[in-house]
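Take a look at the structure below.
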Amino acid sequence: PRDAYNSNTKIIRLEDAAGEISGESIMAYPPGIPIIAPGERITQEIVDYIFILKQEGSLLQGTDDP
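For the sequence shown, the working numbering assigns the number 456 to the initial residue and increments by one for each residue that follows.
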């Protein structure tokens with residue numbers, strides 16, 4: 456996680472994130488448990504889950520771009 460967090464990153468659209476390596480954590484409140492951490496590969500299932508959380512009005516934290 457440290458190497459991913461400290462590496463050069465780029466901002467991409469969530470729709471295009473599947474298959475990429477995360478450079479940051481993403482958490483939803485509630486419950487406040489990370490959905491993904493730096494260094495983890497982003498899957499389509501994670502992307503779909505984040506969209507569901509956004510539609511339900513969950514507060515997402517950890518992203519540079521809302």
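Virtual Cβ for every residue (Gly too), placed ideally from N, Cα, C.
Quantities reported herein were computed from a predicted structural model and do not represent experimental measurements.
Segment limits, alpha helix (DSSP H) that includes residue i
i      : result
Ile501 : Gln499 to Gln510
Ala459 : Arg457 to Asn461
Pair within 8 Å by beta-carbon distance, residue i and residue j
i      : j      : result
Thr464 : Gly478 : yes
Pro493 : Tyr460 : yes
N- and C-terminal bounds of the beta strand (DSSP E) containing residue i
i      : result
Leu515 : Leu514 to Gln516
Ala525 : Any question about residue 525 goes unanswered here, given that the chain covers just 456 to 521.
Ile481 : Ile481 to Tyr484
Integer-rounded CB distance, given that residue j should sit under 8 Å from residue i
i      : j      : result
Met482 : Gly512 : Wrong, their Cβ atoms sit about 15 Å apart, outside the cutoff.
Ile505 : Ile490 : 7 Å
Residue from the options whose Cα sits closest to the Cα of residue i
i      : options                           : result
Ile488 : Asn461, Arg457 and Leu514         : Leu514
Asp496 : Ile476, Pro456, Ile507 and Pro486 : Before going on, a small fix: residue 496 reads as Arg here, not Asp. The shortest C-alpha separation from Arg496 is found at Ile476.
Identity of the residues DSSP links to residue i by a beta bridge
i      : result
Ile467 : Answer by DSSP bridge pairing: none, since Ile467 is not bridged.
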